[in-house]
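With UniProt numbering, letter number 185 in the sequence shown gets 185, and the count goes up by one each step, no holes. All C-beta atoms, glycine included, are put in the ideal place defined by N, C-alpha and C.
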Amino acid sequence: MQNSATPTHCPYCALQCGMNLTPAPDGTVEVSERADFPVNRGALCGKGRTAPAVLSSRVRLTSPLVRSEGTLVPASWDEALDRIAEGLSRTRAEHGPDACGVFGGGGLTNEKAYTLGKFARVVLGTSQIDYNGRFCMSSAAAAGMKAFGLDRGLPFPLEDIPKTGCVILVGSNLAETMPPSLRFFSELRENGGTLIVVDPRRTKTADQADLHLAPRPGTDLALALGLLHLVVAEGRVDEAYVQERTAGWEDARAAAMAHWPEHVERITGVSVPQLREAVRLFCEPEAAMVLTARGPEQQSKGTDTVGAWINLCLATGRAGRPLSGYGCLTGQGNGQGGREHGQKADQLPGYRKLTDPAARRHVAEVWGVDPDSLPGPGRSAYELLDALGTDIRSLLLMGSNPVVSAPRAAHIEERLRSLDFLAVADVVLSETAALADVVLPVTQWAEETGTTTNLEGRVLLRKRAITPPAGVRSDLEVLNGLAGRLGVEKGFPTDPEEVFEELRRASAGGPADYSGITYPRLAEENGVFWPCPEAPEDGEDASLDAPADDPVRDAAGAAHPGTPRLFLDRFATEDGRARFVAVSHRAAAEEPDDEYPVLLTTGRVVAQYQSGAQTRRVDELNAAAPGPFVELHPRLAERLGAAEGDPVAVVSRRGRAVAPARITSGIRPDTVFMPFHWPGEGRANTLTNPALDPTSRMPEFKACAVRVEAVQE
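Here it is as structure tokens:
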């Protein structure tokens with residue numbers, strides 16, 4: 001074990017906050033401030049400060065487990081890997097390669113995500129691979145691709161936020177989900193800028209706002225269209241910008257004009273004076289931004305909703321200009337990098353499209369396989385999980401806990417139980433791992449080296465700080481062992497730097513080009529923003545298959561600095577213009593009725609993270625957030641006869657969840673809120689609706705019809 005401090009990054013959210021880790025004499029690991037990292041400047045939330053607690057052998061897996069007579073029992077690594085190889089081989093032989101599914105996670109490093117995608121397509125030959133990041137920002141990604149030709153969470157660094165004039169923050173409770181980032185918004189206001197928060201709840205973030213808009217869940221699309229209508233009606237369109245840098249304005253304008261303020265007020269519950277004030281605050285400064293998160297994105301119309309907010313930016317000239325733009329606040333630790341390098345159903349490394357023949361040829365050459373051998377696109381995350389036990393008979397799952405995190409979770413739990421074979425690689429015995437035939441204990445963030453890509457598109461090196469316990473192996477070692485047993489002896493190295501070198505070549509020339517990024521460079525710098533192409537050798541083509549006028553390409557022979565700010569000269573479309581997309585409001589997939597008269601929305605609390613598989617094992621965090629609750633308005637509580645702390649049941653068409661009442665006037669009377677971190681009878685995702693966005697395939701986590709009932713003790 002090392003004794004000196006190792007600079008590294010937090011394992012949780014997409015801020016990837018910098019921290020130092022120092023092994024202590026008693027075997028624990030101490031966290032200390034790392035002020036040099038610009039994203040958090042030393043600040044850490046409670047999850048970051050307590051992250052080493054999950055490294056303890058008291059709470060984590062340290063031996064492979066195999067199912068014997070219905071019970072998981074310890075086993076050797078050889079036995080565990082042999083069983084997985086046998087299970088996958090048997091499924092392929094009996095049902096074909098697409099009967100084998102692979103499900104990844106947004107917390108996997110770039111190296112792991114890359115290797116998992118390669119394993120699925122090269123070793124198993126299956127198209128059935130996706131990951132839990134589909135539930136994170138896929139709608140924003142799809143909208144960004146339509147509008148800008150490129151998806152990167154933030155097209156500018158966080159440090160630009162305090163320097164702009166106004167930020168509209170849509171569906172994000174940063175004060176609880178990414179606390180260290182809140183300082184950028186506080187500094188914005190200190191500098192004279194304004195913050196508008198859009199959220200049906202009066203959250204801790206909304207408390208910081210100059211203006212809080214509280215629409216009904218599922219109506220963010222109408223709200224954005226109403227604001228754009230007022231921009232047009234009040235003569236605030238930047239006509240020169242629209243003419244010079246965009247396309248498709250007339251159709252988008254016509255769609256917005258059908259959403260007049262009084263109509264939008266009836267849909268959203270946001271008053272006309274508030275709509276007008278939001279437009280004034282957004283349009284008066286020289287620069288402004290719109291940032292979205294899961295609120296508008298986790299809807300069955302999430303792509304259109306984000307597209308409407310992008311249209312607002314484009315119409316006012318607030319994209320592709322200094323200190324202005326649209327951005328998405330990615331949630332998971334490597335949610336950005338995790339989808340760029342091949343564990344998403346329709347993508348190859350470098351954010352290449354799996355359906356693009358040139359992309360297939362490029363990646364196949366790097367992998368040393370025939371392009372025709374690569375399967376086509378598979379199912380999206382929910383569709384893949386829904387097919388378990390029917391079309392998909394075996395599943396290899398890494399870094400995800402869908403028993404808690406998937407929509408219609410009771411149904412997904414049934415599908416997992418119906419599999420012929422389930423193998424899970426995880427740090428802890430999650431609720432999903434507990435259902436497996438084989439469970440593999442894998443290394444954690446502090447025990448391995450690898451790269452992640454934060455919400456800014458900043459590629460970071462997370463260094464190994466301690467030695468993992470005996471009996472634990474890395475995910476790369478797992479995939480290497482399985483590949484060899486399944487007949488592929490080469491191409492799956494266990495050294496993360498060797499994997500990254502291959503990833504660089506596979507991504508070269510792609511939209512997410514990492515070819516100019518190296519481990520030594522990352523060790524010296526505070527991250528490098530992609531795209532960052534490799535400087536060509538003398539005499540080589542400097543374009544790396546990109547257009548000659550592509551602004552992210554540097555002069556031959558010069559090390560590329562990376563691209564912290566995108567789109568300042570042109571957008572990533574063929575003609576360099578951003579695209580308006582004409583969209584219109586439509587209702588949520590499930591609206592309230594007499595039987596289910598209330599809307600449920602879900603989200604996070606500050607002391608827990610995602611499915612809680614790791615944070616629920618930390619005593620300090622459990623003390624702060626010990627269990628689920630139902631947040632409801634005093635008027636609704638009075639109708640139920642429920643007092644603070646009384647158990648209440650929330651019932652949807654998919655199931656029933658019970659948790660204590662938390663009564664607050666900070667939520668709309670027609671809405672209830674539940675956090676989604678817990679399993680059991682308080683599992684919020686028992687209730688949520690798997691209705692999918694037609695483009696992104698994002699489920700509608702953020703709005704479904706429920707009824708609330710008092711529960712007799």
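Within the same chain, and ignoring the five residues on either side of P375 in sequence, the residues whose Cβ sits closer than 7 Å to its Cβ are R121, G125, T126, S127. Under the three-state reduction of DSSP output, E700 falls in the strand class.
Annotation: P468 to T109 spans about 17 Å, alpha carbon to alpha carbon. Between S400 and N685 a beta carbon distance of about 13 Å is seen, past the 8 Å cut, so the two are scored as non-contacting. Below 8 Å, too few C-beta pairs join the stretch 339-353 and the stretch 170-187 to call them touching: fewer than three.
Straight-line measurement puts the Cα of L522 at about 48 Å from the Cα of G655. Residues P155 of the same chain have their beta carbon placed closer than 6 Å to that of L566, with the five preceding and five following residues left out of the count.
With three or more CB-CB distances shorter than 8 Å, the stretch 650-669 counts as touching the stretch 624-641. Under the three-state reduction of DSSP, Q347 is assigned to strand. The beta carbon of P97 sits closer than 7 Å to the beta carbons of L124, G125, T126 from its chain, once the five residues preceding and following it are set aside; these are given in chain order.
When the beta-carbon positions are compared, N20 and R41 stay at least 7 Å from each other. For F492, there is no enclosing alpha helix (DSSP H), since its DSSP letter is neither H nor E. Shortest Cα-Cα distance from I466 to any of E590, T28, L116, E498 involves T28. At a Cβ-Cβ threshold of 7 Å, Y514 and R504 count as neighbours. Inclusion of R697 and S373 in the CB contact set at 7 Å is not warranted, their separation being larger than that value. Remark: C-beta atoms of T452 and G337 approach each other more closely than 7 Å. In the structure shown, Y241 falls within a helical segment according to DSSP collapsed to helix, strand and coil. D594 sits exposed, since fewer than 16 C-beta atoms from the chains shown fall within 10 Å of its C-beta.
Taken atom to atom, the span from the alpha-carbon of P261 to that of I267 is near 10 Å. Taking one beta carbon from each stretch, the stretch 420-438 and the stretch 86-97 have 3 or more pairs nearer than 8 Å; the two touch. Here DSSP, grouped into helix, strand and coil, assigns P402 to helix.
Boundaries of the beta strand (DSSP E) around I168: 166-170. Just so you know, the alpha carbons of K146 and R570 end up roughly 15 Å apart. Around the Cβ of G235, a 10 Å sphere holds fewer than 16 other Cβ atoms; the residue is exposed. Pairwise C-beta distances place the stretch 239-256 in contact with the stretch 307-323, as three or more of them are shorter than 8 Å.
Per DSSP, the beta-bridge partners of I196 are I168, L211. For secondary structure counted as the beta strand (DSSP E) over 3 or more consecutive residues, the stretch 418-506 holds these complete runs in sequence order: 421-426, 438-441, 450-453, 458-462. Look at R521 here: in three-state DSSP terms it is helix. For a cut-off of 8 Å, the C-beta gap from R408 to P690 is around 5 Å, short enough to register as a contact. Of the candidates A247, R49, D238, the residue whose Cα lies closest to the Cα of D575 is A247. Listed in chain order, the alpha helix (DSSP H) runs fully inside the stretch 291-375 are 294-297, 302-315, 335-340, 357-367, counting runs of at least 4 residues. When DSSP states are grouped into helix, strand and coil, M257 belongs to the helix group.
The shortest C-alpha to C-alpha distance from A423 to any of G18, A14, C17, D82 is the one to D82.
Taking every protein chain shown into account, the CB of S507 has 16 or more other CB atoms within 10 angstroms, so this residue is buried. Residues P162 of the same chain have their beta carbon placed closer than 8 Å to that of E190, with the five preceding and five following residues left out of the count.
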